[in-house]
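Written below as structure tokens is the structure these notes are about.
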Amino acid sequence: MNEIEIPFGHRTERRVALAAQLGLTALGVLLMFLAYSDGHLAAMFVGPLVALGGLIGGGVWRRRARLRRLVVDPQGLRWVEKGASWAVPWYELRAVGLSRTGGDKPSLWMHLEPRDQNGFAAAYRTIPKNMYGYWIQLADETGGPMLDLALQRYAPQLYQGFERHFTEY
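For the sequence shown, this note's numbering assigns the number 80 to the initial residue and increments by one for each residue that follows.
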């Protein structure tokens, strides 16, 4: 098959997040038991807070580093993610563009411009949309050059290259 698959997300970061999550949770439980045996009331409240912070913080971190892929092929675009996959054929789109944001953690965005706004919104409910249109954040910019080449190869008539991000308008 002639398709280009661009992975997003980090296995190593997910493992580190899981280790931090388990470590903080175990530390919180240990603090709670040690405080209970010594009778320190303050540490009995700190232990569950540390354990809860580890569970929530590690879960959020792991969610942000989840594995997902964008597949570009002659038929269109496919986003493959557990529980949130979608596919759009090229004939449904008027234009496709990419954008970068800077800051502490730069990210890559893909902008989809549908031919028929109402029909697209009804047919593709799982594609993320904000008030500026169908801007999909791809989390990290590691796949940017590969995605740029894939769009040039499979959708040269639709691809607008890198454009300004909606926060710059």
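For every residue, glycine included, the Cβ atom is placed at its ideal position computed from N, Cα and C.
Would you mind sorting residue i into buried or exposed? The rule is 16 or more other CB atoms within 10 Å of its CB.
| i | result |
| --- | --- |
| residue 85 | buried |
| residue 178 | buried |
| residue 233 | buried |
| residue 193 | buried |
| residue 101 | exposed |
| residue 230 | buried |
| residue 202 | exposed |
| residue 210 | exposed |
| residue 172 | buried |
| residue 226 | buried |
Would you report the Cα separation of residue i and residue j, rounded to the nearest angstrom?
| i | j | result |
| --- | --- | --- |
| residue 87 | residue 244 | 20 Å |
| residue 109 | residue 126 | 7 Å |
| residue 111 | residue 135 | 18 Å |
| residue 223 | residue 131 | 36 Å |
| residue 163 | residue 207 | 10 Å |
| residue 190 | residue 242 | 9 Å |
| residue 161 | residue 205 | 12 Å |
| residue 185 | residue 91 | 19 Å |
| residue 212 | residue 94 | 34 Å |
| residue 113 | residue 214 | 50 Å |
| residue 181 | residue 99 | 27 Å |
| residue 51 | residue 123 | Nothing in the structure corresponds to residue 51, since the chain is present only between 80 and 248. |
| residue 121 | residue 183 | 37 Å |
| residue 153 | residue 246 | 31 Å |
Is residue j closer than 8 Å to residue i when the C-beta atoms are compared?
| i | j | result |
| --- | --- | --- |
| residue 133 | residue 104 | yes |
| residue 82 | residue 167 | no |
| residue 217 | residue 187 | yes |
| residue 149 | residue 156 | yes |
| residue 97 | residue 129 | no |
| residue 158 | residue 169 | no |
Does the pairing of the region 232 to 243 with the region 166 to 182 give three or more beta-carbon distances under 8 Å?
When C-beta atoms of the region 232 to 243 are compared with those of the region 166 to 182, three or more pairs fall below 8 Å, so the two segments count as touching.
Across the region 115 to 133 and the region 197 to 213, are there enough close Cβ pairs to call them in contact, namely three or more that are closer than 8 Å?
Between the region 115 to 133 and the region 197 to 213, the count of Cβ pairs shorter than 8 Å is below three; the stretches do not touch.
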